[in-house]
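**Student:** Below you'll find the structure I mean.
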Amino acid sequence: MIVLLLVAGVAVLAPLLATYPATEMHAIDRFAPPGTTYLLGTDFFGRDLFSRILYGYRTSLLVAVLSVAFALVIGSVFGVVAGYTGGAVDSAVMRTMDILFAFPVLLLAITVVVILGAGLFTTVLAIGIVYVPIFARTARGPTLVVREHAYVEAAKAIGLRSFRIIRRHILPNVSTPIFVQATINLATAILFESALSFLGLGTQPPYPSLGLMVSEGRNYLELSPWPAVFPGLAIVLAVLGFNLVGDALQEILDPRLRQTWSAA
């Protein structure tokens with residue numbers, strides 16, 4: 002949580018913490034090493050790496066949160082409805098999810114971006130579409146179990162509508178694995194955004210993106226490693242934070258894992 006709060010905090014406070022505007026160029030200070038003037042050095046255009054990393058975090062977290070939220074809502078709705086309804090609806094929904102699963106995730110995201118054009122909104126949509134089948138499966142499994150419980154059968158017996166049963170009895174009991182899955186997917190969403198930006202299909206210059214900064218910096222590794230190394234470490238830090246929180250939540254919220262740790 003400390004790592005995650007640190008990443009989120011510097012992203013929110015980027016306008017206050019940045020020592021220079023993220024797109025401001027200093028031609029005479031190109032490839033300046035880390036020091037008092039430029040905390041993490043500068044890139045080929047003389048732009049301050051520290052400021053660009055702060056704003057890059059804003060871009061990465063924005064894309065990650067929006068794409069995972071989109072996938073969580075759409076995927077969970079499909080998964081819960083399929084699991085609760087069963088029959089032909091369940092088969093149709095899950096076979097559609099299987100088709101999406103058949104594509105390599107990064108290839109599917111690249112295909113969506115290429116069709117719709119590069120940009121921030123397209124990146125969010127592409128990553129969200131990739132994650133929809135994951136949330137659908139995550140929601141469907143527990144729904145199949147919960148719908149067989151006595152209180153759900155009782156709710157049906159007294160004539161409650163399916164929408165109300167799902168809202169009051171199904172969703173509260175299947176939300177835990179969905180929430181844990183969302184936390185884990187936030188980490189991989191940052192990686193996907195960085196990968197798309199690295200390939201030139203995500204955030205477009207001159208706006209900062211961690212993946213784009215790594216892509217630009219790799220061409221000048223012999224002259225100065227900092228434009229590629231520091232953004233790469235920033236990506237590692239953000240992904241590590243989300244992964245650690247996701248693993249911890251899974252251990253806390255899953256009673257089977259709690260019993261395993263207690264036995265150990």
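Take 2 as the starting number for the sequence shown in our numbering and just add one per residue.
The C-beta atom is built at its ideal place from N, Cα and C for all residues, glycine as well.
1) Which whole-angstrom value describes the C-beta separation of F136 and G76, a residue pair presumed to lie in contact below a C-beta threshold of 8 Å?
2) Identify every run of the alpha helix (DSSP H) within the region 145-188, keeping only runs that are complete inside it and at least 4 residues long; order them along the chain.
3) Can you give me the C-alpha to C-alpha distance between W262 and M2, rounded to a whole angstrom?
4) Enumerate in chain order the residues of its own chain whose CB-to-CB distance from A196 is below 7 Å, with the five nearest sequence positions on each side excluded.
5) Distance check for R168 and E223, CA to CA, integer angstroms please.
6) Closest to V114 by CA distance: which of E25, V125, P105 is it?
7) Output the distance between the C-alpha atoms of N244 and L187, rounded to the nearest integer angstrom.
8) Among N220, D49, V74, which has the Cα closest to the Cα of T24?
9) Would DSSP call W262 helix, strand or coil?
10) Is DSSP giving T37 helix, strand or coil here?
11) Go to P16, then tell me how far its alpha helix (DSSP H) extends in each direction, as first and last residue.
12) Does DSSP classify T97 as helix, strand or coil?
13) Here's the rule I'm using: 16 or more other beta-carbon atoms within 10 Å means buried, otherwise exposed. How should L18 be labelled?
14) Of all the alpha helix (DSSP H) runs that stay within the bounds of the region 186-259, which reach a length of 4 or more residues?
15) Terminal residues of the continuous alpha helix (DSSP H) containing I29?
16) Assuming contact is defined by CB atoms lying nearer than 8 Å, are P143 and P178 in contact in what I supplied?
17) When the cut-off is 8 Å and only beta carbons count, does S52 lie next to chain D?
18) Would you mind working out which of L200, V240, G57 sits nearest A15, comparing C-alpha positions?
19) Can you pull the DSSP bridge partners for D49?
20) Quick one: using the 10 Å Cβ neighbour count with 16 as the cut-off for buried, is G10 buried or exposed?
21) Taking 8 Å as the cut-off, decide whether the C-beta atoms of V215 and F199 are in contact.
22) Could you tell me whether the region 27-43 touches the region 226-240, using the rule of 3 or more Cβ pairs below 8 Å?
23) Between the C-alpha atoms of G80 and G118, what's the straight-line distance to the nearest angstrom?
24) Just mark D44 as buried or exposed, buried being the case when its beta carbon has 16 or more other beta carbons within 10 Å.
**Tutor:** Reading off the structure:
1) One-based indexing of the sequence shown puts residue 136 at position 135. One-based indexing of the sequence shown puts residue 76 at position 75. Approximately 3 Å separates the beta-carbon atoms of F136 and G76; this is inside 8 Å, confirming the contact.
2) Counting whole runs of 4 or more residues, the region 145-188 contains the alpha helix (DSSP H) stretches 151-158, 163-166.
3) One-based indexing of the sequence shown puts residue 262 at position 261. One-based indexing of the sequence shown puts residue 2 at position 1. At W262 the pLDDT is 47, less than 50, meaning the model places this residue with poor confidence and gives no usable figure here.
4) Within the sequence shown, numbered from 1, the residue matching residue 196 stands at position 195. L107, G212, listed in sequence order.
5) The count along the sequence shown starts at 1 and reaches residue 223 at position 222. The count along the sequence shown starts at 1 and reaches residue 168 at position 167. Taking the straight line joining both Cα atoms gives about 58 Å.
6) As a position in the sequence shown, residue 114 is number 113, starting the count at 1. When each option's Cα is compared against that of V114, the closest is V125.
7) Along the sequence shown, read from residue 1 onward, the residue named residue 244 stands at position 243. Along the sequence shown, read from residue 1 onward, the residue named residue 187 stands at position 186. Each residue's Cα considered, the two are about 8 Å apart.
8) In the sequence shown, counting from the first residue as 1, residue 24 sits at position 23. Looking at the Cα atoms, D49 is the closest of the given residues.
9) On the sequence shown, position 261 is the one that residue 262 refers to. Because the pLDDT at W262 is just 47, under 50, the model does not fix this residue reliably, and the value given afterwards should be weighed accordingly. In the three-state DSSP reduction, W262 falls in the helix class (H, G or I).
10) As a first step, residue 37 must be located in the sequence shown, where it is residue number 36. Coil.
11) Walking along the sequence shown from the start, residue 16 turns up at place 15. 15-18 is the span of the alpha helix (DSSP H), which, as asked, contains P16.
12) Locating residue 97 in the sequence shown gives position 96, counting from the first residue. For T97, the three-state secondary structure derived from DSSP is helix.
13) As a first step, residue 18 is located in the sequence shown; it is residue number 17 there, counting from the start. That one is exposed.
14) Those alpha helix (DSSP H) runs which fall completely within the region 186-259 and span 4+ residues are 211-218, 227-254.
15) Numbered from 1 along the sequence shown, position 28 holds the residue referred to as residue 29. No alpha helix (DSSP H) contains I29, which DSSP labels as neither H nor E.
16) In the sequence shown, counting from the first residue as 1, residue 143 sits at position 142. In the sequence shown, counting from the first residue as 1, residue 178 sits at position 177. In this structure, P143 places its C-beta atom within 8 Å of the C-beta atom of P178.
17) Of the chains in the structure shown, none is chain D; there is only one protein chain.
18) For the purposes of this step, residue 15 is taken as the residue at position 14 of the sequence shown. Out of L200, V240, G57, G57 has the C-alpha closest to the C-alpha of A15.
19) If you number the sequence shown from 1, residue 49 lands on position 48. T43, per the DSSP bridge assignment.
20) If you number the sequence shown from 1, residue 10 lands on position 9. That one is exposed.
21) Numbered from its first residue, the sequence shown carries residue 215 at position 214. Numbered from its first residue, the sequence shown carries residue 199 at position 198. Cβ distance < 8 Å, so V215 and F199 count as in contact.
22) Yes, since at least three Cβ pairs between the region 27-43 and the region 226-240 fall closer than 8 Å, the two stretches touch.
23) Within the sequence shown, residue 80 is the residue found at index 79, counting from 1. Within the sequence shown, residue 118 is the residue found at index 117, counting from 1. Looking at the two C-alpha atoms, the distance is approximately 29 Å.
24) Mapped onto the sequence shown, residue 44 falls at position 43. Residue environment: D44 is assigned as buried (16 or more neighbouring CB atoms within 10 Å of its CB, all protein chains considered).
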